[in-house]
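Q:
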Amino acid sequence: MTEQSSLSEFFDASALFHPEAEKDKMEGQVIRYSGEKYLSGIPTLDDIVAGNDEGLTTILEDALSKQQEIPFMAIENEGSTERINGTYRYVLRLYGHLINGQKALVSLTGIQVFFDILISDGETPDECEEKSYLRIYMNGTGERKKAIQAIQENNFETASNDMWSFHRKVARENGIQLSGWFTINKYKCKKGKRTSPLCSHEFYVSIKDFCPLEDFTTISDRFPISALLRDCTLILTWDIETQSRELGEFAEVLDLNHNVFTIGMTLHWKDDPKPLKQMCLVDVETESDPR
């Protein structure tokens with residue numbers, strides 16, 4: 000069975016499979032599993048980026064040191080509430096990557112949390128007539144949810160009232176697409192403990208300074224267009240080989256008598272078939288493979 004996934008937690012998360020040895024086919028190196036939480040010796044995402052970035056990390060670091068606008072591609076988002084300048088405020092968190100392939104978290108600030116209440120004139124509404132609404136602003140989604148519930152319990156009609164997916168409404172109304180380049184400007188780099196340990200960079204940006212990159216030539220004096228034309232998402236693919244007790248049976252995860260005896264993996268840039276790394280997890284001792 001072959002699977003494909005966007006590289007996220009694999010190189011920084013605890014191993015779900017406990018092999019006695021792990022073989023890096025490209026390096027011909029054997030790494031033995033010592034029973035700890037992590038497989039020591041496996042390169043991190045940043046290590047892999049540093050060896051395959053074609054000089055983009057140096058270009059990116061220079062732009063960051065000068066506080067210049069930089070490109071960012073979001074692939075996932077979520078809403079949250081954070082304490083900013085002593086007040087709890089709503090932020091839209093965008094997870095994605097920078098031009099060199101490093102993972103980054105961009106928290107968009109200055110987002111107004113709201114819902115609308117229909118102003119009734121006491122008459123039966125005509126579907127063709129314009130309706131008047133009162134817009135209510137809140138600091139966070141928790142207060143918004145309570146207010147919507149209280150108003151609806153008093154038989155008022157509301158709009159813009161999705162209580163569970165407000166982050167999708169924010170993204171839609173502000174034209175924030177996933178898998179497209181944007182630029183961030185006037186950003187603040189977060190220092191200290193990271194919100195996400197998997198992200199090498201974290202930024203706070205006003206939503207006014209988060210703009211779609213429609214013309215690559217506007218930043219071509221700092222970033223090569225060839226890098227912007229490529230999706231620099233790192234992809235991990237794997238093939239799991241299992242063994243059951245009876246011929247023709249599928250191995251079951253919860254059956255301790257069924258075994259996973261090898262997991263083959265490749266790591267590559269999206270849409271590029273050439274692997275950056277090849278690895279194989281096995282459950283027996285093995286010699287290095289210099290090929």
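Take 0 as the starting number for the sequence shown in numbering that gives the first Met the number 0 and just add one per residue. Just so it is clear, CB atoms sit at the ideal spot from N, CA and C, and this is done for glycine as well. In this text the structure is predicted, and so the values were computed from the model without any measurement.
On the DSSP bridge assignment, give the partners of Ala-103 in chain order.
A: Gly-95 and His-200, per the DSSP bridge assignment.
Q: So, with DSSP's three-state summary, where would you put Asn-173?
A: Three-state DSSP puts Asn-173 in coil, outside helix and strand.
Q: Can you tell me the Cα-Cα spacing of Gln-176 and Asn-99, whole angstroms?
A: Spanning the two alpha carbons is a distance of roughly 20 Å.
Q: Tell me, please, whether the region 100 to 110 touches the region 200 to 218 by the rule of three or more beta-carbon pairs shorter than 8 Å.
A: With a cut-off of 8 Å, the region 200 to 218 and the region 100 to 110 count as touching, because enough Cβ pairs lie within range.
Q: Looking at Phe-114: is its Cβ nearer than 8 Å to the Cβ of Ser-159?
A: Yes, Cβ-Cβ distance for Phe-114 and Ser-159 is below 8 Å.
Q: Which residue's Cα is closest to the Cα of Tyr-132: Thr-157, Met-278 and Asn-184?
A: Nearest of Thr-157, Met-278 and Asn-184 to Tyr-132, Cα basis: Thr-157.
Q: As a quick exercise: from Val-48, Val-281, Thr-182 and Arg-134, pick the residue whose alpha carbon is nearest that of Phe-222.
A: Phe-222 has its Cα closest to that of Thr-182, out of Val-48, Val-281, Thr-182 and Arg-134.
Q: Name the residue from Leu-55, Gly-191, His-96 and Gln-101 whose alpha carbon lies nearest to the alpha carbon of Ile-224.
A: Checking every option, the nearest Cα to that of Ile-224 belongs to Leu-55.
Q: Using three-state DSSP, classify Phe-291 as helix, strand or coil.
A: With the chain represented from 0 up to 290, any question about residue 291 goes unanswered, as that position is not in the structure.
Q: For Met-264, which of Asp-52, His-257, Lys-273 and Asn-258 has the nearest alpha-carbon?
A: For the residues Asp-52, His-257, Lys-273 and Asn-258, the minimum Cα distance to Met-264 belongs to Lys-273.
Q: Which residues does DSSP pair with Lys-207 in a beta bridge?
A: DSSP output for Lys-207 lists no bridge partner at all.
Q: In the structure shown, what three-state DSSP assignment does Gly-179 receive?
A: Correct three-state label for Gly-179: coil.
Q: Once you ignore the five residues that flank Met-162 on each side, which residues in its own chain have a CB closer than 7 Å to its CB?
A: Once the five neighbours on either side are set aside, the close Cβ partners of Met-162 are Lys-144 and Ile-147.
Q: Which residue marks the beginning of the beta strand (DSSP E) containing Asp-238, and which one marks its end?
A: It spans 233 to 242 - the beta strand (DSSP E) in which Asp-238 sits, taken as one unbroken run.
Q: Hey, how far is the Cα of Trp-237 from the Cα of Ile-262?
A: Roughly 7 Å between the two C-alpha positions.
Q: Going by DSSP, what residues sit across from Ser-79 in a beta bridge?
A: Paired residues: Val-90.
Q: Looking at the secondary structure, which residues open and close the alpha helix (DSSP H) in which Asn-51 lies?
A: Start and end: 44 to 51.
Q: Using DSSP with H/G/I as helix, E/B as strand and the rest coil, what is His-257?
A: Coil, per DSSP.
Q: Under 6 Å Cβ to Cβ from Ser-195, same chain only, skipping five residues before and after it: list those, please.
A: Counting only Cβ-Cβ distances below 6 Å, and skipping sequence neighbours, we find Leu-104.
Q: Could you work out which residue in Asn-256, Leu-235, Glu-286 and Phe-209 is closest to Leu-93 when comparing CA atoms only?
A: Of Asn-256, Leu-235, Glu-286 and Phe-209, the residue nearest in Cα terms is Phe-209.
Q: What is the rounded straight-line gap between the Cα of Gly-139 and the Cα of Thr-80?
A: Their backbone Cα atoms lie some 6 Å apart in a straight line.
Q: Any idea what DSSP makes of Arg-167, helix, strand or coil?
A: Of the three classes helix, strand and coil, the one that applies to Arg-167 here is helix, per DSSP.
Q: Since Ile-41 is in the alpha helix (DSSP H), which residue starts that stretch and which ends it?
A: Per DSSP, Ile-41 belongs to no alpha helix (DSSP H) and is neither H nor E.
Q: Excluding five sequence neighbours on each side, which residues of the same chain lie with their C-beta closer than 7 Å to the C-beta of Lys-207?
A: Excluding positions up to five away in sequence, the list reads Gly-109.
Q: Just the C-alpha distance for Arg-134 and Leu-280, rounded to the nearest angstrom, thanks.
A: Taking the straight line joining both Cα atoms gives about 57 Å.
Q: Short of 7 Å in beta carbon distance, which residues of its chain neighbour Gly-40, apart from the five on each side in sequence? Order them along the chain.
A: Contacts found: Ile-30.
Q: May I have the straight-line CA-CA distance separating Lys-22 from Glu-286, to the nearest angstrom?
A: Its pLDDT being 43, under 50, Lys-22 is placed unreliably by the model, and nothing is read from it.
Q: Along the chain, where does the beta strand (DSSP E) that runs through Asp-115 open and close?
A: Where Asp-115 is concerned, the enclosing beta strand (DSSP E) stretches over 112 to 117.
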